[in-house]
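**Student:** The structure that follows is given in the form of structure tokens.
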Amino acid sequence: MKTFSIAIHGGAGTLVKGLMTQALETKYKNALKTARDAGFAILEKGGSATDAVETAVKLLEDTPLFNAGKGSVFTAEGTHEMDAAIMDGKTLNAGAVSLVTGIKNPVSLARDVMDNSYHVFLAGEGAMKFAEEQGYGIESPEYFYDEVRYKQWQGIKDSDTFQLDHSVKKDGKFGTVGAVACDQNGNIAAATSTGGMTNKKWGRVGDSPMIGVGNYANNKTCAVSCTGSGEFFIRGVVAYDVSCLMEHKGMSLEEASEEVINKRILEINGDGGLIAVDAKGNIAMPFNTEGMYRACKSSDGKEEISIYK
Numbered sequence: 013m014k015t016f017s018i019a020i021h022g023g024a025g026t027l028v029k030g031l032m033t034q035a036l037e038t039k040y041k042n043a044l045k046t047a048r049d050a051g052f053a054i055l056e057k058g059g060s061a062t063d064a065v066e067t068a069v070k071l072l073e074d075t076p077l078f079n080a081g082k083g084s085v086f087t088a089e090g091t092h093e094m095d096a097a098i099m100d101g102k103t104l105n106a107g108a109v110s111l112v113t114g115i116k117n118p119v120s121l122a123r124d125v126m127d128n129s130y131h132v133f134l135a136g137e138g139a140m141k142f143a144e145e146q147g148y149g150i151e152s153p154e155y156f157y158d159e160v161r162y163k164q165w166q167g168i169k170d171s172d173t174f175q176l177d178h179s180v181k182k183d184g185k186f187g188t189v190g191a192v193a194c195d196q197n198g199n200i201a202a203a204t205s206t207g208g209m210t211n212k213k214w215g216r217v218g219d220s221p222m223i224g225v226g227n228y229a230n231n232k233t234c235a236v237s238c239t240g241s242g243e244f245f246i247r248g249v250v251a252y253d254v255s256c257l258m259e260h261k262g263m264s265l266e267e268a269s270e271e272v273i274n275k276r277i278l279e280i281n282g283d284g285g286l287i288a289v290d291a292k293g294n295i296a297m298p299f300n301t302e303g304m305y306r307a308c309k310s311s312d313g314k315e316e317i318s319i320y321k
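Below, the structure is given as structure tokens:
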């Protein structure tokens, strides 16, 4: 039987080690384990990689620990604007949404864009109209309220400062969430979801919902979900760059992932990381920051839940 596997992340901007308590570390690791195991259970039963990554990301969106779904950060207007994407490596079908508000699980809305529309990417009002037509309910702002996020925003809201989602240079809790998986049929998929950056203005969109940038899947090469300084990841077209190195330079998943995160993105001053799988079930989880909330599990016995290097 083919090796099947899943990897997930909760962002490459972890709390600086000195600020991480044992109790909080346990909370993070438990949340990662729950999401990883739920996705892996789908693969074990012969389910699709696409279902596995959506399920894992939904669970990460449902905890306030990560900057996605329930834990999304505040914009300059004091609202929450979320982005998400999902891609199926077998068909290259993809769905993405950006600037959506009040949606409990943006990754599922992205999945519906992929499955139930002729389009790939819907944004803002149009995405919300589509959500309404798909029968989505709108959560109240209270659902997304988190004391730590609120204080983080209050500290900078009257300035021109915005906080990059995932930078470890700030003493806040940040993080995009994502999942990549390879199923028993050798099909791969990727999903990514985020609340963006604290105090963001003007409808800012980062790398997460952009196909080929923060999220990408192609059975021929790899499935990738990124987390990092979005503006730099967009310039580096990170997820597709990993795929290109595999396809055109014959690099392995590990080599291509390392080249992009620990060389190419650093050269343009980007910080962050990514998770990736290939159609053989291999896993890579490189990052160039102090830590990255991450977990993986493979049918060949590989298992990990980690935060720091």
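Numbering (our numbering), first residue to last: 13 to 321.
Ideal placement from N, C-alpha and C gives every residue a C-beta, glycine not left out.
If you draw a straight line from the alpha carbon of F245 to that of L31, how long is it in whole angstroms?
**Tutor:** In the sequence shown, counting from the first residue as 1, residue 245 sits at position 233. In the sequence shown, counting from the first residue as 1, residue 31 sits at position 19. Rounded to the nearest angstrom, the two C-alpha atoms are 27 Å apart.
**Student:** Is the beta carbon of K29 sitting closer than 8 Å to the one on E302?
**Tutor:** The residue you call residue 29 lines up with position 17 of the sequence shown. The residue you call residue 302 lines up with position 290 of the sequence shown. Yes, these two residues count as a Cβ contact at 8 Å.
**Student:** Can you tell me whether E315 is helix, strand or coil according to DSSP?
**Tutor:** The residue you call residue 315 lines up with position 303 of the sequence shown. Assigned with DSSP and collapsed to three states, E315 falls in strand.
**Student:** Is it buried or exposed, N227, if we count other Cβ atoms within 10 angstroms and call 16 or more buried?
**Tutor:** On the sequence shown, position 215 is the one that residue 227 refers to. The residue in question, N227, is buried, as its Cβ has 16 or more Cβ neighbours within 10 Å.
**Student:** Is the stretch 131-151 close to the stretch 240-260, with three or more CB pairs under 8 Å?
**Tutor:** no
**Student:** For V119, which residues of its own chain have a beta-carbon under 7 Å away from its beta-carbon, when the five flanking residues on both sides are left out?
**Tutor:** In the sequence shown, the residue the question calls residue 119 occupies position 107. Cβ neighbours of V119 beyond the five flanking positions: E66, V69, K70, E73, A96, I98, A203, S205.
**Student:** Across the stretch 204-221 and the stretch 106-121, are there enough close Cβ pairs to call them in contact, namely three or more that are closer than 8 Å?
**Tutor:** yes
**Student:** Identify, in the order they occur along the chain, each residue of the same chain with its Cβ nearer than 8 Å to the Cβ of L278, setting aside the five sequence neighbours on each side.
**Tutor:** What you label residue 278 is simply residue 266 of the sequence shown in a count that begins at 1. Answer for L278: N300, listed in chain order.
**Student:** Would you mind sorting N281 into buried or exposed? The rule is 16 or more other CB atoms within 10 Å of its CB.
**Tutor:** In the sequence shown, counting from the first residue as 1, residue 281 sits at position 269. With fewer than 16 Cβ atoms within 10 Å of its Cβ, N281 is classed as exposed.
**Student:** Take C256 as the anchor and find which of N294, C234, T239 has the nearest alpha-carbon.
**Tutor:** The residue given as residue 256 occupies position 244 in the sequence shown. C256 has its Cα closest to that of C234, out of N294, C234, T239.
**Student:** With DSSP as the reference, identify every bridge partner of N227, one or two as the case may be.
**Tutor:** The sequence position of residue 227 within the sequence shown is 215, counting from 1. Bridge partners of N227: I223, S237.
**Student:** Beta-carbon separation of K82 and T91 under 8 Å?
**Tutor:** For the purposes of this step, residue 82 is identified with residue 70 of the sequence shown, where counting begins at 1. For the purposes of this step, residue 91 is identified with residue 79 of the sequence shown, where counting begins at 1. In this structure, T91 does not lie closer than 8 Å to K82 by Cβ.
**Student:** Taking only three categories from DSSP, how would you classify G30?
**Tutor:** Counted from its first residue, the sequence shown places residue 30 at position 18. If DSSP states are grouped into helix, strand and coil, G30 belongs with the helices.
**Student:** Mapping the DSSP letters down to three states, classify K41 as helix, strand or coil.
**Tutor:** On the sequence shown, residue 41 is found 29 positions in, with the first residue counted as 1. Reduced to three states, the DSSP call for K41 is helix.
**Student:** What residues match up with K309 in a beta bridge as DSSP calls it?
**Tutor:** Along the sequence shown, read from residue 1 onward, the residue named residue 309 stands at position 297. For K309, which the question treats as bridged, DSSP gives the partners I18, E315.
**Student:** Give a yes or no on whether the C-beta atoms belonging to K321 and E315 are separated by under 8 Å.
**Tutor:** Here residue 321 corresponds to residue number 309 of the sequence shown, with the count starting at 1. Here residue 315 corresponds to residue number 303 of the sequence shown, with the count starting at 1. No. Outside cutoff.
**Student:** Helix, strand or coil for T67 per DSSP?
**Tutor:** Position 55 of the sequence shown, counted from the first residue, corresponds to residue 67. If DSSP states are grouped into helix, strand and coil, T67 belongs with the helices.
**Student:** Rounding to the nearest angstrom, what Cα-Cα distance links R48 and D170 in this structure?
**Tutor:** To locate residue 48, count along the sequence shown from 1; it is residue 36. To locate residue 170, count along the sequence shown from 1; it is residue 158. Their backbone Cα atoms lie some 39 Å apart in a straight line.
**Student:** Quick check: what's the CA-CA separation for R306 versus A19?
**Tutor:** On the sequence shown, residue 306 is found 294 positions in, with the first residue counted as 1. On the sequence shown, residue 19 is found 7 positions in, with the first residue counted as 1. Cα to Cα, the separation comes out at about 7 Å.
**Student:** Look up A203 in the DSSP assignment and say whether it is helix, strand or coil.
**Tutor:** Locating residue 203 in the sequence shown gives position 191, counting from the first residue. Three-state DSSP puts A203 in a strand.
**Student:** Between the Cα of T15 and the Cα atoms of E56, A268, T103, which residue gives the shortest distance?
**Tutor:** Your numbering for residue 15 matches position 3 in the sequence shown. Of the listed residues, the one whose Cα sits closest to T15 is E56.
**Student:** If you drop the 5 nearest sequence neighbours on each side, which residues of the same chain put their C-beta closer than 7 Å to that of N274?
**Tutor:** Here residue 274 corresponds to residue number 262 of the sequence shown, with the count starting at 1. Result list for N274: P298, N300, in chain order.
**Student:** Does the distance from the CB of A193 to the CB of V289 come in under 8 Å?
**Tutor:** The residue you call residue 193 lines up with position 181 of the sequence shown. The residue you call residue 289 lines up with position 277 of the sequence shown. It is a contact, given that the beta carbons lie within the stated cut-off.
**Student:** Grouping DSSP H, G and I as helix and E and B as strand, with all else coil, what is A80?
**Tutor:** Counting from 1 along the sequence shown, the entry for residue 80 is found at position 68. In the three-state reduction of the DSSP assignment, A80 falls in the coil class, being assigned neither a helical nor a strand state.
**Student:** Identify the residues that DSSP records as bridge partners of G323: which are they?
**Tutor:** Because the chain here runs from 13 to 321, residue 323 falls outside it and cannot be looked at.
**Student:** So, at 6 Å on beta carbons, what are the nonlocal neighbours of G215 in its own chain, with the 5 sequence-adjacent residues on each side left out?
**Tutor:** Walking along the sequence shown from the start, residue 215 turns up at place 203. So the list reads L111, once near-sequence residues are dropped.
**Student:** On a Cα-Cα basis, can you pick out the residue from K212, I295, E151 that is closest to Q166?
**Tutor:** Within the sequence shown, the letter at position 154 stands for residue 166. Among K212, I295, E151, the Cα nearest to that of Q166 belongs to K212.
**Student:** Which two residues bound the contiguous alpha helix (DSSP H) that contains G138?
**Tutor:** By 1-based counting over the sequence shown, the position of residue 138 is 126. Residues 136-145.
**Student:** For the beta strand (DSSP E) that contains A193, what are its first and last residues?
**Tutor:** Indexing the sequence shown from 1 puts residue 193 at position 181. It spans 189-194 - the beta strand (DSSP E) in which A193 sits, taken as one unbroken run.
**Student:** Taking the straight line between their C-alpha atoms, what separation do you get for V160 and Q196?
**Tutor:** Stepping through the sequence shown from its first residue, residue 160 is reached at position 148. Stepping through the sequence shown from its first residue, residue 196 is reached at position 184. Using only the alpha carbons, I get a separation of about 40 Å.
**Student:** According to DSSP, simplified to helix, strand and coil, what is F52?
**Tutor:** Counted from its first residue, the sequence shown places residue 52 at position 40. In the structure shown, F52 sits in a helix (DSSP, three-state: H, G or I).
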